[in-house]
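**Student:** After the structure tokens below, expect a handful of questions from me.
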Amino acid sequence: MTTRHDEFDDDLLRHYYERELEILRRDLRAFAQRNPEAATRLSINSDGRSDDAGVERMVQSTAILHARHSVKIDDDYPELSEALIERTFPQYLRSFPSYSVAQFDMAGRFDSMTESVRIERGTQLKTTEGGCLFRTTYDVVLAPVEIARAQYATTPTAPLNVKLPPDASGMISLTLRSAKIGSRLDAVAPATLRVHLAGQPPVVAALLDTMLLRTARAYVEDSEGRWTRLPTIAVAPVGFGPHDWLVTDAKEPGQPFGLLAEYFAYAERFHFVDIDLASVCAAAPGEQLTLHWVVTGVPPNSRAAQQLAHVSADRLKLFCTPVVNLFERKGVSLKHERQSGGWPIHAQAKNDAHTEVWSVDQVRTEQGDPLRSSAALMTSAAHPTWTLIQHSGPLSLEAGLAAALRLDGADGPMRTGLEMDTLVADVTCTNGDLPHSLPFGASGGDMRLAATKSATEKIVLLRAPTAIVRLSRSNGALWRLIGQQTPHALRLTQAALPALKQLFQQFAQLSHAQAQHIDGIMGLKHRSVMTLMARAPQPAMVRGIEVTLEIDEQRFVACSVAVFARAMERFFAPYAPSNSFVQLIIGSSSIKGVVLWRGEPVCGGTALL
């Protein structure tokens, strides 16, 4: 469990102190009028002050004490709500570390490689400036493939023997070729090619939605100019898998809220697509091929078509992955401090960059006996539990007192214990806001592999590392989140939409850009539906919930509807039990009856009791 100790802001505390002092002086004036003899003995004059230094100090001490309590009450940091959040969605109470998108620059290096290289998820990268540590989020396959050309045409053309859909309004074309001299693309290409869509948000949103929502057919053109129709569009979204998280542990509770948080905090996590290169190369073997996605519903003079005109090979990046400023420190020794009664955590090594504790993953005694967190559902009164105490003030950081452990027994906090004088902890750390201040875009690269030499000597960052962000704990934010953790279909109504949008705005504080599309959610409703679902031992009719969101597409210019829909699909999953399903429909609020996205039935996320 994590408890945050904050140093009060001086200006804020002064405001509360002056208010409390004025209240006390008003009460002292009233007391003096009612009890003049007692007021004389206490030297209280007509303005509520006392000429007795001892009495005046007592009044001021009471005012500062009341001020501190008032700040805490108004800041809405009650121990009860934080304890509940710690058990249901612990990531909410942590910071969201700095992140960026890294690219392994393979220009001119494939000729010396004999086989593809896989950079596994979780690989540590170190910045060349500052020595900050990041870890990768996606697997990266370094294979000799390159993008030769990419473009969007408002007038689709094809050979005479290829019949395009009559309502075709445009076409995205992507040419891939082997990056190794003398090698065929089908011989060196990986089964799946992951492509990062880089550029301005409106261009990325238009490209994602066109590929994922408006593609009617897909063709592949071989090096001889022959077109073959593919059975599928051969492209899929990325970022919604069980191993695609940046900061949320897949085993932790609160997954729908975790995805919602990362949707706002780490938007570029979803700016990737996977191309089914195995099936594409099987249909068009050779040194190069061109994929053609024929799209419908994009008029040439539309805003989407104007954004798609900016599509080029420079905006489609290979060998990329989101990276987040998190790294592990195993076996950190914690010494009991008699004065404070805690076990301070000093995770920063001598030559490391500035290091802050982000989470405590495991605690054990020096003899190896594990200790449980006080947030664990099952604890024993016979064994102490630990609580992480975090101080957020700058003075604490400068003094190296930013984090410490507290042990709690059956009778409360433990301050002594011979067998507990030394503890061992495994922690996850960040470099705080240091990455955000570092330069990027160096000609020699911004990063390198922290542990071993890479097949590439150059790793570049495609965007500046972000600053640390935190979710609000004030103005009822914690209780609002707790209230949403008991989902029920009765809440999926137009009357409940303002509360839902308020929750989304609460998470949108993590966004490094304006999240205007939340205001574009105009309608919410649901109905009960029946559908045939495949399940053991045989298919059966299952009753589920169909959720319909109506949106204003004009508010989604910089946000992909396809990505938003999939995030909402997973957010609404807990509104149905695990033996039922949720099916999400995104409709247009401006043109009634127009369906922008219709999802497949998703298994309910609430366990049966």
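Offset between the sequence shown (1-based) and the working numbering: plus 207.
C-beta: ideal position from N, C-alpha, C; glycine also.
1) Might you give, ordered along the chain, the residues of its own chain that have their beta carbon closer than 6 Å to the beta carbon of Y299, omitting 5 neighbours on each side?
2) If you reduce the DSSP assignment to three classes, tell me which class K732 lands in.
3) Rank E227, I552, D416, L630 by C-alpha distance to the C-alpha of S277 and give the top, closest one.
4) Looking only at its own chain, which residues have a Cβ that is under 7 Å from the Cβ of L604, when we skip the five neighbours before and after it?
5) Just to confirm my understanding: we take M741, look at its own chain, exclude 5 residues before and 5 after, and list those with CB closer than 8 Å. What are they?
6) In whole angstroms, give me the CA-to-CA distance for G607 and I271.
7) Can you give the beta carbon distance from T334 to L699, rounded, assuming they're within the 8 Å contact cut?
8) Around the Cβ of T321, are there at least 16 other Cβ atoms within 10 angstroms (buried) or fewer (exposed)?
9) Suppose you measure from the CA of L484 to the CA of K542; what does that come to, to the nearest Å?
10) Is it right to say L415 is buried, meaning 16 or more other beta carbons lie within 10 angstroms of its own, or is it exposed?
11) Between E760 and S718, is the Cβ-Cβ spacing less than 9 Å?
12) Below 8 Å, how does it come out for the segment 784-804 and the segment 491-498: are there three or more Cβ pairs, yes or no?
13) For a quick check, are the C-beta atoms of L834 and D653 less than 9 Å apart?
14) Does the beta-carbon of N242 have 16 or more other beta-carbons within 10 angstroms, so that it is buried, or is it exposed?
15) Use the C-beta contact count for H403: other C-beta atoms within 10 angstroms, 16 or more gives buried, fewer gives exposed.
16) From C488, A632, Q546, pick the residue whose C-alpha is nearest to that of K537; which is it?
17) Could you name each continuous alpha helix (DSSP H) segment of 4 residues or more that falls completely within the segment 213-284, going from the start of the chain to the end?
18) Could you tell me the boundaries of the beta strand (DSSP E) in which E289 lies?
19) Cutting at 6 Å between CB atoms, please list the residues of its own chain near A425, excluding the five before and the five after it.
20) Taking the alpha carbon of A671 as the point to measure from, which residue in S305, L371, I251, A237 has its own alpha carbon closest?
21) For R805, count neighbouring C-beta atoms within 10 Å of its own C-beta (all shown protein chains included) and say buried if the count is 16 or more, exposed if not.
22) Under a Cβ-count criterion, where at least 16 other Cβ atoms within 10 Å of its own Cβ denotes burial, should P705 be classed as buried or exposed?
23) Taking the straight line between their C-alpha atoms, what separation do you get for E535 and V308?
24) Would you report the Cα separation of R356 and L466, rounded to the nearest angstrom?
25) For V445, which option in D456, R433, T455, Y470 has the closest C-alpha, if you only look at C-alpha atoms?
26) If we count the other Cβ atoms within 10 Å of its Cβ and call it buried at 16 or more, is P463 buried or exposed?
27) Considering only C-alpha positions, which residue in the set I326, R687, L697 is nearest to K708?
28) From the DSSP output, read off the bridge partner residues of T503.
29) Tell me whether the beta-carbon of V480 lies closer than 9 Å to the beta-carbon of V427.
30) Where do the N-terminal and C-terminal ends of the alpha helix (DSSP H) with C488 fall, by residue?
31) How many angstroms separate the CA atom of A764 from the CA atom of A512?
32) By DSSP, does H719 sit in helix, in strand, or in coil?
33) Counting only the same chain and skipping the five closest in sequence on each side, list residues whose C-beta sits under 7 Å from that of T435.
34) Quick one: Cα of E573 to Cα of T417, how far?
**Tutor:** Taking the geometry as given:
1) The count along the sequence shown starts at 1 and reaches residue 299 at position 92. Closer than 6 Å at the Cβ level, and outside the excluded window around Y299, lie I292, L678.
2) As a position in the sequence shown, residue 732 is number 525, starting the count at 1. If DSSP states are grouped into helix, strand and coil, K732 belongs with the strands.
3) To locate residue 277, count along the sequence shown from 1; it is residue 70. Checked all of E227, I552, D416, L630; the closest Cα to S277 is E227.
4) Locating residue 604 in the sequence shown gives position 397, counting from the first residue. Confidence is the limiting factor: at L604 the pLDDT is only 42, short of 50, which leaves the residue's position unreliable and the question unanswerable from this model.
5) Mapped onto the sequence shown, residue 741 falls at position 534. As written in the sequence, residue 741 is Ala, which differs from the Met given in the question. Taken in chain order, the list of residues that qualify is empty.
6) For the purposes of this step, residue 607 is taken as the residue at position 400 of the sequence shown. For the purposes of this step, residue 271 is taken as the residue at position 64 of the sequence shown. Note that G607 scores 43 on pLDDT, short of 50, meaning its location in the model is unreliable; the coordinates nonetheless yield the value given after this. Going by the C-alpha atoms only, they are around 27 Å apart.
7) Counting from one through the sequence shown, the residue named residue 334 turns up at place 127. Counting from one through the sequence shown, the residue named residue 699 turns up at place 492. The Cβ separation is near 45 Å, so there is no contact.
8) Taking the first residue of the sequence shown as 1, we reach residue 321 at position 114. With fewer than 16 Cβ atoms within 10 Å of its Cβ, T321 is classed as exposed.
9) Your numbering for residue 484 matches position 277 in the sequence shown. Your numbering for residue 542 matches position 335 in the sequence shown. Cα to Cα, L484 sits roughly 55 Å from K542.
10) The residue labelled residue 415 in the question sits at position 208 within the sequence shown. Buried: at least 16 other Cβ atoms inside 10 Å.
11) Counted from its first residue, the sequence shown places residue 760 at position 553. Counted from its first residue, the sequence shown places residue 718 at position 511. No; because the gap between Cβ atoms is not below 9 Å, this pair is not in contact.
12) no
13) The first residue shown for the chain is 208 and the last is 816, placing residue 834 beyond what the model contains.
14) Stepping through the sequence shown from its first residue, residue 242 is reached at position 35. Exposed, because fewer than 16 other Cβ atoms sit within 10 Å of the Cβ of N242.
15) Mapped onto the sequence shown, residue 403 falls at position 196. Buried, because 16 or more other Cβ atoms sit within 10 Å of the Cβ of H403.
16) Stepping through the sequence shown from its first residue, residue 537 is reached at position 330. Of C488, A632, Q546, the residue nearest in Cα terms is A632.
17) 217-241, 243-248, 260-281
18) Against the sequence shown, residue 289 aligns to sequence position 82. Unbroken run through E289 is the alpha helix (DSSP H), 286-295; no beta strand (DSSP E).
19) Here residue 425 refers to the residue found at position 218 of the sequence shown. Same-chain partners within the cutoff: L437, I440, A441, W500.
20) The count along the sequence shown starts at 1 and reaches residue 671 at position 464. Nearest C-alpha to A671: S305.
21) The residue given as residue 805 occupies position 598 in the sequence shown. Result: exposed.
22) Reading the sequence shown from its first residue, position 498 is the one you call residue 705. With fewer than 16 other Cβ atoms within 10 Å, it is exposed.
23) Against the sequence shown, residue 535 aligns to sequence position 328. Against the sequence shown, residue 308 aligns to sequence position 101. Straight-line Cα distance between these residues: approximately 20 Å.
24) Looking up residue 356 in the sequence shown gives position 149. Looking up residue 466 in the sequence shown gives position 259. Those two C-alpha atoms are separated by around 34 Å.
25) The residue you call residue 445 lines up with position 238 of the sequence shown. Answer by Cα proximity: Y470.
26) As a position in the sequence shown, residue 463 is number 256, starting the count at 1. Buried, since its Cβ has 16 or more Cβ neighbours within 10 Å.
27) As a first step, residue 708 is located in the sequence shown; it is residue number 501 there, counting from the start. The residue with the shortest Cα to Cα distance from K708 is R687.
28) Here residue 503 is taken as the residue at index 296 of the sequence shown, counted from 1. A375.
29) As a working note, residue 480 is residue 273 in the sequence shown. As a working note, residue 427 is residue 220 in the sequence shown. Not a contact, by the Cβ cut-off of 9 Å.
30) Taking the first residue of the sequence shown as position 1, residue 488 is located at position 281. Segment 484-490, the alpha helix (DSSP H) holding C488.
31) If you number the sequence shown from 1, residue 764 lands on position 557. If you number the sequence shown from 1, residue 512 lands on position 305. Contrary to the premise, residue 764 reads as Val rather than Ala in this sequence. Their Cα atoms are separated by approximately 12 Å.
32) Along the sequence shown, one-based indexing puts residue 719 at 512. Coil, per DSSP.
33) Residue 435 sits at position 228 when you count from the first residue of the sequence shown. If we look at T435 and ignore the five residues flanking it on each side, its Cβ neighbours are Y426, V427, A490, A491.
34) Taking the first residue of the sequence shown as 1, we reach residue 573 at position 366. Taking the first residue of the sequence shown as 1, we reach residue 417 at position 210. Answer to the nearest angstrom: the Cα atoms are 58 Å apart.
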